[in-house]
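Residue numbers (the UniProt record's numbering): 1 to 333.
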């Protein structure tokens with residue numbers, strides 16, 4: 001089969017496009033999927049740049065998100081059959097391969113039926129960001145109706161679905177953006193207020209919008225400096241969730257004094273640690289989101305598509321341009 005792979009870490013020029021062995025045999029709880037499209041995520045670039053940080057095997061086929069057609073199922077798989085259109089997120093950890101390929105073996109618990117209303121390209125853009133946003137807001141922060149939530153980078157991949165999930169939960173949403181175009185995009189998704197972090201002081205604006213109380217939940221999708229500011233934006237006894245590694249010099253004093261509940265969100269954990277119940281939970285999240293998408297309550301924004309052979313250019317765009325929505329690889333097969 002054709003695939004994107006690399007034999008060493010580095011910049012995007014280490015990516016190769018060529019023939020690799022096609023996976024053929026499903027274990028009892030696996031499904032063989034013929035990939036129609038693969039989503040591109042920042043984790044793909046991090047794995048390429050520093051593969052030693054992850055449990056991967058060379059040559060590495062990158063990619064977590066995929067959408068395609070079931071080709072074969074293992075003996076214990078009951079919920080899927082050949083011909084089903086599915087989507088999923090599975091990192092290429094612990095002897096697995098990623099999704100930048102024509103075929104991939106997937107743990108059945110991670111799979112869900114593809115939303116009927118989405119193309120394969122749209123579906124491939126969705127799983128990692130849906131699971132990340134869902135786990136952060138529902139599983140970590142325990143979001144509830146009537147709360148006010150601050151979502152950083154609301155025009156980004158995780159941010160743009162987090163806005164929608166928060167609104168579906170009945171929350172009031174404040175989000176940060178870097179331009180008027182992105183502000184319009186975020187408001188279209190349901191954001192109640194936007195803050196341009198390039199021209200406005202985020203902490204001051206949040207305090208103004210919440211009458212000095214702070215938000216119930218602050219969701220960091222950016223990194224250390226934004227996480228630090230979250231502790232000043234959240235109310236006493238509020239929640240802060242981040243999807244990034246906190247910096248070693250993070251100042252926790254504000255969070256400690258105000259009794260903030262802090263959570264880390266890493267949707268890669270179930271596969272990394274081989275947690276079967278957690279894999280099943282992620283598949284169930286996608287099943288629930290399938291219903292929301294087909295009911296037109298949840299939208300996925302695809303910024304641009306590339307052919308599989310253009311994976312290096314796609315990763316370069318992701319790292320350099322920060323476009324609204326997601327980038328996707330199409331697999332012609």
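Every residue, glycine too, gets a C-beta built ideally from N, C-alpha and C.
Assuming residue i contacts residue j under a Cβ cut-off of 8 Å, what Cβ separation, rounded to an integer in Å, is found between them?
i, j, result
"residue 88", "residue 127", "6 Å"
"residue 91", "residue 64", "5 Å"
"residue 318", "residue 40", "6 Å"
"residue 303", "residue 323", "4 Å"
"residue 37", "residue 328", "5 Å"
"residue 219", "residue 168", "Contact doesn't hold; Cβ gap of about 15 Å is too wide."
With a 10 Å radius around its C-beta and 16 neighbouring C-beta atoms as the bar for buried, classify residue i as buried or exposed.
i, result
"residue 82", "exposed"
"residue 208", "exposed"
"residue 265", "buried"
"residue 236", "exposed"
"residue 290", "buried"
"residue 315", "buried"
"residue 305", "buried"
"residue 160", "buried"
"residue 68", "buried"
"residue 58", "exposed"
"residue 184", "exposed"
"residue 256", "exposed"
"residue 157", "buried"
"residue 287", "exposed"
"residue 28", "exposed"
Going by alpha carbons, who is nearest to residue i out of the options?
i, options, result
"residue 117", "12, 297 and 99", "297"
"residue 182", "195, 172 and 171", "195"
"residue 138", "211, 110, 80 and 171", "171"
"residue 278", "301, 156, 147 and 111", "111"
"residue 98", "311, 186 and 191", "311"
"residue 258", "18, 293, 123 and 230", "230"
"residue 23", "211, 15, 2 and 13", "2"
"residue 269", "54, 35, 121 and 233", "54"
"residue 190", "173, 201, 46 and 4", "173"
"residue 238", "263, 164 and 133", "263"
Roughly how many whole angstroms lie between the Cα atoms of residue i and residue j?
i, j, result
"residue 86", "residue 60", "23 Å"
"residue 206", "residue 215", "7 Å"
"residue 226", "residue 198", "13 Å"
"residue 56", "residue 94", "6 Å"
"residue 131", "residue 292", "14 Å"
"residue 178", "residue 152", "10 Å"
"residue 176", "residue 223", "14 Å"
"residue 70", "residue 80", "8 Å"
"residue 241", "residue 15", "33 Å"
"residue 267", "residue 135", "8 Å"
"residue 252", "residue 212", "21 Å"
"residue 203", "residue 210", "11 Å"
"residue 147", "residue 154", "17 Å"
Using the three-state DSSP reduction, which class does residue i fall into: helix, strand or coil?
i, result
"residue 99", "coil"
"residue 19", "strand"
"residue 131", "helix"
"residue 24", "coil"
"residue 58", "coil"
"residue 159", "helix"
"residue 185", "helix"
"residue 265", "coil"
"residue 14", "helix"
"residue 154", "coil"
"residue 167", "helix"
"residue 231", "helix"
"residue 238", "strand"
"residue 225", "helix"
"residue 325", "coil"
"residue 68", "strand"
"residue 174", "strand"
"residue 307", "strand"
"residue 6", "strand"
Let me see if you follow: with CB-CB separation under 9 Å, is residue i close to chain D or not?
i, result
"residue 329", "In the structure shown, chain D cannot be found, because there is only a single protein chain."
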